[in-house]
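What follows is one structure encoded as structure tokens, with my remarks underneath.
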Amino acid sequence: SDAGADFRLPYYFNLAPNYDLTLAPRILSRRGLMLGGEFRYLQPDYKGFISGEYLPDDQLSQQDRYALRFEHEQKLRSDLLFSARVNYASDDDYFRDFGNRASLADNVNLVREAVLTWLPGFGVGQLRIQRYQTLQDRIAKIDAPYSRLPQITFSTAQTLPYGFELSFNSEYVDFAHDTKREGQRLTLQPSISLPLRTSYAHLIPKLSLNYRQYQLDRFQQQAATNKSFFTPTFSLDAGLHLEREATFFGDQAIQTLEPRLLYVRTPYRNQDMLPLFDTTENSFDFAQMFAENRFSGGDRLSDANTLTAALTTRFIDQDSGVERFRLGIGQRYVFTDQKVTLTGLPDERKRSDFLASVGGQIFRHTTLQATYQYNTELRKTERYAIDLRYQPAAGKTLSARYRYGRNE
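Given below as structure tokens:
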């Protein structure tokens with residue numbers, strides 16, 4: 113590599129039963145001598161670590177190079193938790209020069225945050241202050257995420273008489289950015305459902321209300337403005353869970369047959385004038401196929417008049433309860449064009465991609481996971497992945513994975 117010969121030798125110091133130190137001198141023949149280290153501590157009410165690397169006067173870049181990482185978790189009292197994370201790098205090329213492909217991909221936006229979590233017993237509240245250091249690419253400029261200064265959330269779920277379940281999620285965020293429009297967003301999302309369950313079936317009608325209010329600051333030629341939206345969502349989740357005795361490669365097993373339907377109805381609200389503070393469209397997979405909203409984050413709520421249908425069968429070992437084999441297929445059907453998109457152009461597809469999934473512990477020490485996604489409109493394979501893992505004992509693993517993406 114550009115660094116030349118690379119040699120590192122860690123020294124471990126067992127300082128006490130509850131804290132230790134690792135020092136790792138590293139010689140890079142074309143850059144110089146780097147010193148790395150990690151100190152870990154553990155107490156009844158708190159734990160954490162601090163690690164870093166330092167290379168004085170890099171012989172190639174003619175500058176000091178360093179990185180720092182710090183994480184801390186602490187129980188302040190029985191209902192109050194505190195955590196902090198700090199990551200820092202001296203320059204944009206640090207992980208490109210001293211890391212590998214994995215560390216380079218994982219360290220584009222270095223987070224710095226402090227979180228206070230409140231657990232009163234009837235819900236969960238959080239106060240978060242969060243910023244990022246964005247390491248820029250050499251070719252294409254990377255869009256830095258918004259800072260949250262602060263983010264306040266509270267969620268609760270309660271069981272009501274006659275089997276009703278009530279949930280409430282709320283969030284207030286003050287978004288800050290050096291080059292984009294800033295603003296505050298308030299989200300209130302109560303929902304009520306009536307789960308009807310038996311040993312072989314479920315039927316869950318649910319009504320959700322989504323209220324969002326924006327206070328957008330003045331930006332370039334755009335004046336400061338207030339925007340608010342109120343959007344209801346109705347969903348109906350139904351499924352069966354059928355079983356029979358069977359065999360799998362000669363072993364006694366239980367085979368299941370699990371058809372499931374999900375209908376979602378959300379009216380259209382024009383949201384094109386809103387900035388994208390923290391929202392992206394989720395990748396389409398089995399988990400997202402049964403989500404009411406196609407988007408993550410709080411800036412877009414997808415309009416929907418859709419029906420999702422899926423069928424899953426499993427072979428479960430009677431003795432151990434291990435899932436030996438699983439096969440699932442599914443697709444979403446769209447009755448009305450979906451107008452809420454990130455591009456502003458409506459999505460006129462009447463069917464989603466077709467999904468298939470295969471997995472399970474096919475042999476005693478071997479597991480298989482495979483997914484397949486087929487675009488029924490273009491009649492082309494969008495992506496697939498196959499993951500085979502052999503683990504004869506703890507700490508011994510041999511795995512192989514192959515991934516394909518049509519536009520990747």
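Going by the numbering used here, the residue at position 57 of the sequence shown is 169; the numbering climbs one at a time, nothing skipped. C-beta: ideal position from N, C-alpha, C; glycine also. These numbers were taken from a predicted model, which means no experiment stands behind them.
- Message: Following a CB-centred definition, is T455 positioned closer than 6 Å to any heavy atom of the ligand ATP?
- Response: The ligand ATP is absent from the structure shown, which contains no ligands of any kind.
- Query: When DSSP labels each residue in this structure, what does R143 get in the three-state scheme?
  - Reply: In the sequence shown, counting from the first residue as 1, residue 143 sits at position 31. In the structure shown, R143 sits in coil (DSSP, three-state: anything other than H, G, I, E or B).
- Task: Please state whether DSSP places D209 in a helix, a strand or coil.
- Result: By 1-based counting over the sequence shown, the position of residue 209 is 97. Here D209 sits in helix by DSSP.
- Message: Give me the DSSP bridge partner(s) of P344.
- Response: Stepping through the sequence shown from its first residue, residue 344 is reached at position 232. Paired residues: L321.
- Query: Are there 16 or more other CB atoms within 10 angstroms of the CB of I428, so buried, or fewer, so exposed?
  - Reply: Start at 1 with the first residue of the sequence shown, and residue 428 comes out as number 316. So I428 counts as buried.
- Item | Rounded C-alpha distance that separates T246 from I254 | In the sequence shown, the residue the question calls residue 246 occupies position 134. In the sequence shown, the residue the question calls residue 254 occupies position 142. In a straight line, the C-alpha of T246 is about 8 Å away from that of I254.
- DSSP state of S215, grouped into three classes? The count along the sequence shown starts at 1 and reaches residue 215 at position 103. S215: helix per DSSP, three-state reduction.
- Query: Hey, L154 and G164: beta-carbon distance below 7 Å or not?
  - Reply: Start at 1 with the first residue of the sequence shown, and residue 154 comes out as number 42. Start at 1 with the first residue of the sequence shown, and residue 164 comes out as number 52. No, Cβ-Cβ distance for L154 and G164 is not below 7 Å.
- Item | Start-end ranges of the beta strand (DSSP E) lying completely within the stretch 409-483, minimum 3 residues | 416-429, 435-446 and 466-475
- If you drop the 5 nearest sequence neighbours on each side, which residues of the same chain put their C-beta closer than 6 Å to that of D204? Along the sequence shown, one-based indexing puts residue 204 at 92. The residues are L247 and Q248.
- Query: Who pairs with Q245 in a beta bridge, going by DSSP?
  - Reply: Counting from 1 along the sequence shown, the entry for residue 245 is found at position 133. In the DSSP output, where bridge partners are listed per residue, Q245 has L222.
- Item | Enclosing beta strand (DSSP E) for A288 [first to last residue] | Here residue 288 refers to the residue found at position 176 when the sequence shown is read from its first residue. It spans E277 to A288 - the beta strand (DSSP E) in which A288 sits, taken as one unbroken run.
- Just the Cα atoms here: how many angstroms apart are G362 and T479? Locating residue 362 in the sequence shown gives position 250, where the first residue counts as 1. Locating residue 479 in the sequence shown gives position 367, where the first residue counts as 1. One C-alpha to the other measures close to 18 Å.
- What's the call for R177, buried or exposed, on a 16-neighbour Cβ count within 10 Å? Within the sequence shown, numbered from 1, the residue matching residue 177 stands at position 65. R177 is buried by the Cβ-count criterion.
- Are the CB atoms of T391 and D411 nearer to each other than 7 Å? As a position in the sequence shown, residue 391 is number 279, starting the count at 1. As a position in the sequence shown, residue 411 is number 299, starting the count at 1. Yes, they are a contact pair.
- Message: I need the boundaries of the beta strand (DSSP E) containing Q364, first residue and last residue.
- Response: The count along the sequence shown starts at 1 and reaches residue 364 at position 252. D363 to T378 is the extent of the beta strand (DSSP E) around Q364.
- With a threshold of 16 other CB atoms inside 10 Å of the CB of V223, please say whether the residue is buried or exposed. If you number the sequence shown from 1, residue 223 lands on position 111. Answer is exposed; the Cβ neighbour count stays below 16.
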